[in-house]
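*Asks:* The sequence shown begins at 2 in the UniProt record's numbering and counts up one residue at a time.
Beta carbons: idealized from backbone N, C-alpha and C, even for Gly.
Just so you know, these numbers come straight off a predicted model, no measurement behind them.
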Amino acid sequence: AAKKGIALVELDDDGVDKAFRADVLAGLGEQQKAVPARWLYDDAGSQLFEDITQLPEYYPTRAETEILSARGAEFAELIGPGRAVVEFGSGSSVKTPLLLKAIDPAAYVPLDISGDFLRAAATDLAVKFPGLPVYPVEADFMRRVELPPEVAEMPKLGFFPGSTIGNMVARTSVDLLRTMRETLGEGSKLLIGMDLIKDPAVLEAAYDDAQGVTAEFNYNLVRRINRELDGDIPLEALLHEARWVDDYARIEMHLVAQRDIAFTVSGRRFSMQAGETIHTENSHKFDRRTSTTLLLAGGWTPAHLWLDSERRFSLILADA
Ligand code: AVJ
2 AAKKGIALVE LDDDGVDKAF RADVLAGLGE QQKAVPARWL YDDAGSQLFE DITQLPEYYP
62 TRAETEILSA RGAEFAELIG PGRAVVEFGS GSSVKTPLLL KAIDPAAYVP LDISGDFLRA
122 AATDLAVKFP GLPVYPVEAD FMRRVELPPE VAEMPKLGFF PGSTIGNMVA RTSVDLLRTM
182 RETLGEGSKL LIGMDLIKDP AVLEAAYDDA QGVTAEFNYN LVRRINRELD GDIPLEALLH
242 EARWVDDYAR IEMHLVAQRD IAFTVSGRRF SMQAGETIHT ENSHKFDRRT STTLLLAGGW
302 TPAHLWLDSE RRFSLILADA
């Protein structure tokens, strides 16, 4: 019987996610090989990302959490009580409670494409905030989402922490911001985390840590391709690299071939010359001007910007 939790995933005859196969085969066929970053987050990848957030070099989670815990009184004053908080993504057990505690919301609506993560996060939250109505919605928030009727009349606060917006190229992030505005409606606000441009050595260390956890996160994608798409990519011939690309103000993750290799994925042949790479993730960084421009292009007017004490990360409140 079909589970509700897999409603958004279409499977091939052999039980493989169609979109995963299509994305990987198309991406490996490009001149610059690339796989969309969303495929990094299977169960193992999501666990590895959790581990990344604990690393000494990976500052964004700590910096944003510091802002959320230090600025509660200002959030309360600028956002006010009685809003429905709509979180894009199923929510972190640390950040979301800090926000909810500060602003006295009327409801909490987590949106996520993964029903399993969503239900776990919603249950966790409902236990921490008895009396707060929680309405989880299983949906792809890259498209306009129909919010539950119970929150229709409430003013909304969108919450999009983690600098996840940085994983998208400008076109896609502007589309998402505009879609969020449609989902949330007139009079809504958005609280969004955006990581800042800084010393490239600090950025590269954050994405290539000494313990090799981020490398494992990147290698996990290859393991997933080999396992789910019947691949034989020689993992030992690929090396994790995090490079700051100044022209685009972003960290790129790549897998670099250490020698000439040839391999098969889902019956298709591919080859890489030594030094050639598979591009697996972008993480764009911002400054005040570029974050302002991006938000304005997406239909949002920045109203307030907070920094952590070391000025590494920004949290921005914007009006629809
Ligand atoms: C979860 C997408 C915000 O880009 O910093 C961490 C993912 N990749 N280390 C980021 C990530 C490598 C992270 N985001």
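#1: Indicate whether W307 and R84 have their beta-carbon atoms separated by less than 7 Å.
#2: Would DSSP call residue 324 helix, strand or coil?
#3: Note down, in chain order, each residue of its chain lying with its Cβ closer than 6 Å to the Cβ of G159, except the 5 sequence neighbours on either side.
#4: Compute the distance between the beta-carbons of S91 and L119, then report whether it is under 7 Å.
#5: Helix, strand or coil: how does DSSP classify P111 here?
#6: Given this structure, state the Cα-to-Cα distance separating residue 1 from A27, to the nearest angstrom.
#7: Between the Cα of V214 and the Cα atoms of V246, W40, Q32 and A45, which residue gives the shortest distance?
#8: One question on the structure: do N168 and A38 come within less than 7 Å of each other, judged by their Cβ atoms?
#9: Contact defined as beta carbons within less than 8 Å: I believe E58 pairs with D210. What is the distance between those atoms, to the nearest angstrom?
#10: Here's a check: name, in chain order, each residue in its chain whose Cβ is nearer than 6 Å to the Cβ of E282, leaving out the five neighbours to either side.
#11: Report yes if the C-beta distance between R228 and D43 is below 7 Å; otherwise report no.
#12: Return yes when at least one heavy atom of the ligand AVJ lies under 6 Å from the C-beta of G186, else no.
#13: Sort H241, L296, P235 and G116 by Cα distance to D261 and report the nearest one.
#14: Strictly by DSSP, which residues pair up with E282?
#15: Nearer than 6 Å: is that true of the beta carbon of Y60 relative to any heavy atom of the ligand AVJ?
#16: Output the boundary residues of the beta strand (DSSP E) element that contains V223.
#17: Using C-beta distances below 8 Å, list every residue in its chain close to E151, excluding the 5 sequence neighbours before and after it, in chain order.
#18: Tell me, please, which residues DSSP counts as bridged to V138.
#19: Per DSSP, what kind of secondary structure is E242 in: helix, strand or coil?
#20: Taking the straight line between their C-alpha atoms, what separation do you get for S115 and R144?
#21: With DSSP as the reference, label F76 as helix, strand or coil.
#22: Please classify S164 as buried or exposed, where buried requires at least 16 other C-beta atoms within 10 Å of its C-beta.
#23: List the whole-angstrom C-beta distance separating V25 from L296, where the pair is believed to meet the contact cut-off of C-beta under 8 Å.
#24: Taking the alpha-carbon positions, what's the V138 to P162 distance?
#25: Helix or strand or just coil, what does DSSP make of P149?
#26: Compute the Euclidean distance between the alpha carbons of Q212 and E237, then round it to the nearest angstrom.
#27: Please classify K157: is it buried, with 16 or more other beta-carbons within 10 angstroms of its beta-carbon, or exposed?
#28: Would you list the residues sitting across from T293 in a DSSP beta bridge?
#29: If I measure Cβ to Cβ from E31 and keep anything under 8 Å in the same chain, skipping five residues before and after, which residues do I get?
#30: Taking buried to mean at least 16 other C-beta atoms within 10 Å of its own C-beta, is F314 buried or exposed?
#31: Below 6 Å, is the gap between the Cβ of G92 and the nearest heavy atom of the ligand AVJ?
#32: Who are the Cβ neighbours of A243 in its own chain at under 6 Å, not counting the five residues just before and after it?
#33: For the ligand AVJ, any of its heavy atoms closer than 6 Å to the Cβ of T165?
*Replies:* By the coordinates alone:
#1: no
#2: Any answer about residue 324 is impossible in this case: the structure gives the chain only from 2 up to 321.
#3: Cβ neighbours of G159 beyond the five flanking positions: V87, M181, L185 and L191.
#4: yes
#5: strand
#6: No statement about residue 1 is possible, as the shown extent of the chain runs from 2 to 321 and does not include it.
#7: The residue with the shortest Cα to Cα distance from V214 is A45.
#8: Closer than 7 Å, so yes.
#9: 5 Å
#10: A38 and M254, listed in sequence order.
#11: Their beta carbons are not under 7 Å apart, which means R228 does not touch D43 by this criterion.
#12: no
#13: P235
#14: Looking at the DSSP assignment, E282 forms a beta bridge with M254.
#15: no
#16: Per DSSP, V223 belongs to no beta strand (DSSP E); it is in the alpha helix (DSSP H), V214 to E229.
#17: A108, P134 and Y136
#18: L112
#19: If DSSP states are grouped into helix, strand and coil, E242 belongs with the strands.
#20: One C-alpha to the other measures close to 15 Å.
#21: helix
#22: buried
#23: With a Cβ gap of about 33 Å, V25 and L296 do not count as contacting.
#24: About 18 Å.
#25: coil
#26: 18 Å
#27: buried
#28: Beta-bridge pairing links T293 to no other residue.
#29: none
#30: buried
#31: no
#32: E205, Y208, D209, I252 and M254
#33: yes
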